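Protein chains in written order, with full-length UniProt numbering: chain S, 1 to 196; chain L, 1 to 196; chain P, 1 to 196; chain E, 1 to 196.
Ideal Cβ placement from N, Cα and C applies to all residues, glycine included.
Bear in mind that the values here come from a model prediction, so they are computed numbers and not experimental data.
First up is the structure itself, then whatever we jot down about it.
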DNA sequence: GATGAATGAGCCTTCATTCAT
DNA sequence: CATGAATGAAGGCTCATTCAT
């Protein structure tokens, strides 16, 4: 029953960071919510920034792992299926880690002290996506691959944020959301640069 | 030479908000950068939050106006062209207002005190996009239109952020970026939900 | 028509000192009420304290003069009449100068910077009263005369304050008030120290 | 030796409020006098106004209680004795609480933020006195009783202020002062309104 | 390990006063 | 004389962090 004190702090910190943001969450809030003395906090973390990093970074690593094709792709999938599954998987991951990802999106780059966290994370996700896309678009330049990857990240992130966080929906909308995202731009594929 | 003092404050504030974030930018930094006494700041703005709101909100209104189809769409354009131009125009706007949009993206929802600004902005952009999309997809539900709009916003924002802010590129990449964004997902249109 | 600017400042200052107190009245309030620029204030007064002193002290001198028996006593009055008239006159004076006396009572000793004003005033009033009482109580010690004088001052001041300021009554209550004050303690004259 | 820190703050605050007034007493003065860090102050009181209210209001309640006839009157006293004892008791109370009452008198209504304290106190004292006087003057109107009460309050307050505060006397003058106060007006009882 | 009182640097804001025009 | 923008010293209060118990 005696939950680890460190875990308690992490839980309270997460909750409050999400609710109030990094700067408006005070150490006093965290320890009050965690039901312990102010000093105890510093037995487990060396600063407020430390909890933030610890909590967020650990979660982000899990996400990167979960996003790697090894975790979900299958040799029998064709490329279209891979793409569909990628979006679906990404949304699912977002849902599962929605609290941390919400913090990351809203407060992650709010301060120079912590903005490297978000930067590193996005870069890593980008690398995963680039690798995946490269197999479909072998002729693409690095630059195009990267742009493509970031566009996908932005799309998934924003859609998931609005659905899972703002509207509070659960996974029951997962397929709907996946399809809508996949349909974005579909109707204009034939034109592209020619219309300028 | 005698630049308007208010302008000076705005310039310094913008620069510092972008660099340090809302919370880490102190009024003392702003006035130091602007080369004036601390008290002078309060002749032009009634608080730190006031500069932030004033500067950001005004810019966001301009953006909403610029984004409205009246400002750029043309009756002779077909739907594909409209879509292409929308993305292109959005990226262009992002570029022109990149400093404010960067602040919005990174620090806009970092505090309860100011998060309404970003929320309102995204909602307004969403409304513009939904109207536009509705003409192409008359059968779409409100929900799908909304999801589609947010996905587009996320895509444009993230791509523009990486290109114009992180990489520091200028408009020379505008067409490239537009095309890449339009091609996202293109290769999978034929599958959709059937592949689950 | 062009009222003297100095007078305008004095009028505004008086009004605001009474309403807000010395510390809560800002120079900016005064000039705004007086309809002039901030700098103009310093052409007529050298500081905020200076207006306060000027306004109050001048009025207090008038009061001392008005209170002197020469202004109201009459050789045909007997001692009882003198006493009655003294109270009545004091109340009347309080009424006429109620704004300044209100300021004096409420804010006059609120700061070391200005507390000498009130102290001097009360001392002067005390001297007037002591002289007057001495003729009735030739056997009284200095000490008793002084105590008596201060008791009278306190009585008149508090009663007048409650009536003219707090309740906002005018001179129609003058006689009633005078009588009540004179009756205070009346019923116990026969006992005094014997009852201890 | 380890005096309660809260007590220390109260002591310093009282001393400084009395000496410098509410506005001129800075929190930095208080903590310096109390020998602690600035932040410590806020562990015990939530603002400067809070110390003021806490300290003053508590004391004033004690005074109201001590002033109630139950605390000092006796069934065997005749009315004259009651009156004598009332004055005597009031002076005694003033002496015991002279620091707080001095603050109240001098600074109590110096600011809109705190003036309700003094107003409430005087009203309560007035009520106590009115009840007491009503038994002696059953025919008096409310208005007369009130005027009488306030006159008494003013008399006692001013006399006590001059004796115990300004002159720094102690209780050795208590009876003298009581008698002088009781004799005020004595010589004119026979005239009243008839002399106008 | 746990506590929580104590610290003190630092922030936002106010405002009396000055001075160039 | 008049102006009002500019100044900058302070003040109230917060909060991350420390440390004696």
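Check: Buried/exposed call for residue 150/P, threshold 16 Cβ in 10 Å; Outcome: buried
Check: Same chain, Cβ closer than 7 angstroms to residue 103/S, neighbours up to 5 away in sequence not counted; Outcome: 17, 18, 56
Check: Residue-level contact to chain S via CB, residue 148/L, 8 angstroms cutoff; Outcome: yes
Check: Cβ of residue 184/S within 8 angstroms of any chain L Cβ; Outcome: yes
Check: Own chain, CB closer than 8 angstroms to residue 33/L, minus 5 neighbours either side, in chain order; Outcome: 12, 15, 16
Check: Exposure of residue 142/P, with buried meaning 16 or more beta-carbon neighbours within 10 Å; Outcome: exposed
Check: Runs of alpha helix (DSSP H) lying entirely within the segment 72–148 of chain S, each at least 4 residues, in chain order; Outcome: 79–96, 98–107, 115–136
Check: Touch test, the segment 19–38 of chain E against the segment 62–78 of chain E, Cβ-Cβ under 8 angstroms, three pairs minimum; Outcome: no
Check: Three-state secondary structure (DSSP) of residue 155/S; Outcome: helix
Check: Beta carbon of residue 90/S nearer than 8 angstroms to that of residue 184/S; Outcome: no
Check: Residue 137/P versus residue 38/E - alpha carbon distance; Outcome: 56 angstroms
Check: Separation of residue 110/E from residue 169/S, as counted between CA atoms; Outcome: 57 angstroms
Check: Neighbouring residues, chain E, relative to residue 180/P (Cβ below 8 angstroms); Outcome: 144, 147, 148, 151
Check: Contact residues within the UniProt domain "HTH tetR-type" (3–63) of chain L, judged by C-beta distance below 9 angstroms to chain S; Outcome: 19, 20, 21, 22, 23, 24
Check: Interface residues of chain L facing residue 98/S [CB-CB closer than 9 angstroms]; Outcome: Simply none; closest approach about 15 angstroms.
Check: Chain S within 8 angstroms of residue 159/L, Cβ atoms only; Outcome: yes
Check: Any chain L beta carbon closer than 8 angstroms to residue 73/S; Outcome: no
Check: Cβ-based burial, residue 180/P [other Cβ within 10 Å; buried from 16]; Outcome: buried
Check: Nearest neighbour of residue 97/L, chosen from 81/L, 171/L, 7/L, 130/L [CA to CA]; Outcome: 171/L
Check: Closest residue to residue 145/P among 153/E, 20/E, 182/E (Cα-Cα distance); Outcome: 182/E
Check: Nearest-angstrom Cα separation, counted from residue 54/L out to residue 5/L; Outcome: 15 angstroms
Check: Residue 178/L classed as buried or exposed, judged by whether at least 16 other C-beta atoms fall within 10 angstroms; Outcome: buried
Check: Supposed close pair residue 158/E, residue 154/P - CB separation, criterion 8 angstroms; Outcome: 2 angstroms
Check: Spatial neighbours of residue 163/P in its chain, beta-carbon cut-off 7 angstroms, leaving aside the 5 residues before and after; Outcome: 169, 173, 177
Check: Where the alpha helix (DSSP H) through residue 12/P begins and ends; Outcome: 5–20
Check: Chain-order list of residues whose beta-carbon lies under 6 angstroms from that of residue 21/P (same chain, five-residue window excluded); Outcome: 107
Check: Residue interval of the alpha helix (DSSP H) (run including residue 40/L); Outcome: 38–44
Check: Among 28/E, 175/E, 160/E, nearest to residue 99/E - alpha-carbon criterion; Outcome: 160/E
Check: Contacting residues, own chain, Cβ-Cβ under 7 angstroms from residue 77/P (five flanking each side not counted); Outcome: 85
Check: Spatial distance of residue 61/L from residue 60/E (CA atoms); Outcome: 57 angstroms
Check: Residues that residue 162/E contacts on chain P, provided the C-beta gap is smaller than 7 angstroms; Outcome: 150
Check: Own chain partners of residue 118/P with C-beta closer than 8 angstroms, once the 5 adjacent residues on each side are dropped; Outcome: 104, 108, 109
Check: Within-8 angstroms CB hit, residue 177/S to chain L; Outcome: yes
Check: Alpha helix (DSSP H) segment containing residue 65/E, residue limits; Outcome: 48–67
Check: Where residue 189/S sits in the DSSP three-state scheme; Outcome: Residue confidence for residue 189/S is low, a pLDDT of 46 falling below 50, so the modelled location carries little weight and cannot support an answer.
Check: Beta-carbon contacts of residue 134/L that lie in its chain and below 8 angstroms, excluding the five residues immediately before and after; Outcome: 140, 145
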